[in-house]
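Its first residue numbered 1, the sequence shown is counted upward by one per residue in UniProt numbering.
Structure record follows, encoded as structure tokens.
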Amino acid sequence: MDSIKFGIIGCSRIAKRSVIPAILKSEFAELEIIGSRTLEKANEFSNEFNCKKFGTYDDVISDDSVDAVYISTPIGTHKEWVMKAASAGKHIYCEKSFFPQDITQETAKEVIEHAKQNNVRMMEGFMFRFHPQHQKVKELIDDKKIGDLFSFNGSFGFPAFPEGDIRYNKELGGGFLNDSGCYPVYASRMIFNEEPLAVFHTNVLDPKTGVDVKGTSLLIYENEKTATITYGNGNYYQAKYEIWGSDGIISLDRAYSVPPDFTTKVSLQYNIENNWDGRRNKIFEINPTDHFLEMIDTFCMEINGEKKAPFNFEQELLNQSKIMSAHYRSCSSKKMVWLDEVS
1 MDSIKFGIIG CSRIAKRSVI PAILKSEFAE LEIIGSRTLE KANEFSNEFN
51 CKKFGTYDDV ISDDSVDAVY ISTPIGTHKE WVMKAASAGK HIYCEKSFFP
101 QDITQETAKE VIEHAKQNNV RMMEGFMFRF HPQHQKVKEL IDDKKIGDLF
151 SFNGSFGFPA FPEGDIRYNK ELGGGFLNDS GCYPVYASRM IFNEEPLAVF
201 HTNVLDPKTG VDVKGTSLLI YENEKTATIT YGNGNYYQAK YEIWGSDGII
251 SLDRAYSVPP DFTTKVSLQY NIENNWDGRR NKIFEINPTD HFLEMIDTFC
301 MEINGEKKAP FNFEQELLNQ SKIMSAHYRS CSSKKMVWLD EVS
């Protein structure tokens, strides 16, 4: 199969640190052109990654040799460049969050339909779901190692970003629910393998910029399962989740952002023969994995027909956008929002 030739739209930190290196490592992808708001930045990136072509965002869109684009512009500009890329027949891998929180489902469906009409695929960039540690978690759950699931508790936060960071720009879709809170939200859906019924969300706004910097969410799932989500900018770093079942607990301490050379650990605590005081701990070490590379490979193999992806790209981003929209509405109304009311 021919490699998928990528054009880069946006010279972001994550593009430089993780995504472009993954494209270069993938046997299914090639780096074709790098685009930035300024030619100086595009040239800098092209020199660093030995890419022969560079230019503006529009140069990437109009390049006939490009099969797919990676979009890492500010969230508030995603729709513009997604629509342009789809119109040009380019497949789209877009950074999370794909849409701003306040987007309507009507608009989200319009974007997806536009891509479908142009015969292109779209995927949201939740790289962590491709790490094998989550497969191990699912195996333990399927094997009933912790019994019936009761709750999911996920947290993602870090020390404060400096003033002037794009995440503080409200007009461009800034805020930390979209930047970090979306990870444990997605993880709860992935672990329960279903969509929540309702969402309650509250947050703390930065007084200078008006963007959310910290927040907590309660997601209600079928059969009385719940997920509690906490995120924050300006905190001690943590990126974990814990799943509580009738017979035990599974936890990950490095669930979302994992360096490619890092050995992760899945922790299992469980009862011995239903003895509440007879507990055991078991640690499963997971070999280092570049989850960005796994994501690029999955995206490319789905597009070129080499191998079917384990989920539908477009349905996943539509479901996630609906839940993020429910967060926005809940915080605005200070009420629980039921997902069947979100349109």
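All C-beta atoms in this analysis are idealised placements derived from N, C-alpha and C, irrespective of residue type, glycine included.
Just so you know, these numbers come straight off a predicted model, no measurement behind them.
Per the DSSP secondary-structure output, Ile92 pairs in a beta bridge with Val69 and Met122. Look at Leu149 here: in three-state DSSP terms it is strand. With a beta-carbon spacing of about 4 Å, Asp212 and Asn203 fall inside the 8 Å limit used to define contacts.
By the Cβ rule, the stretch 142 to 155 counts as touching the stretch 174 to 188, because three or more pairs are nearer than 8 Å. From the listed residues Lys225, Asn178 and Ile250, the smallest Cα separation to Thr216 is found for Asn178. Its chain contains Tyr221 and Glu222 as the residues whose beta carbon lies nearer than 8 Å to that of Glu194, once the 5 sequence neighbours on both sides are disregarded; these appear in chain order. Within the model, the alpha-carbon separation for Ser36 versus Tyr57 is close to 6 Å. Per DSSP, reduced to three states, the secondary structure at Asn193 is coil, with no helix or strand assignment. With a cutoff of 8 Å on beta-carbon distance, Gln133 and Ile229 are scored as not near each other.
In the three-state DSSP reduction, Thr226 falls in the strand class (E or B).
Rounded to whole angstroms, Gly10 and Ser333 show a C-alpha spacing of 34 Å. Just measuring C-alpha positions, the residue of Ile4, Lys145, Lys282 and Gly164 sitting nearest Thr209 is Gly164. Beta-carbon to beta-carbon, Cys94 and Gly125 are separated by about 6 Å, close enough to satisfy the 8 Å threshold. Note that the C-beta distance between Val66 and Lys116 is not below 8 Å. Check the Cα spacing between Ser151 and each of Asn47, Gly245 and Lys335: the tightest is with Gly245. For Ala239, the uninterrupted beta strand (DSSP E) run begins and ends at Gln238 to Gly245, by DSSP.
In the three-state reduction of the DSSP assignment, Ile14 falls in the helix class, which pools H, G and I.
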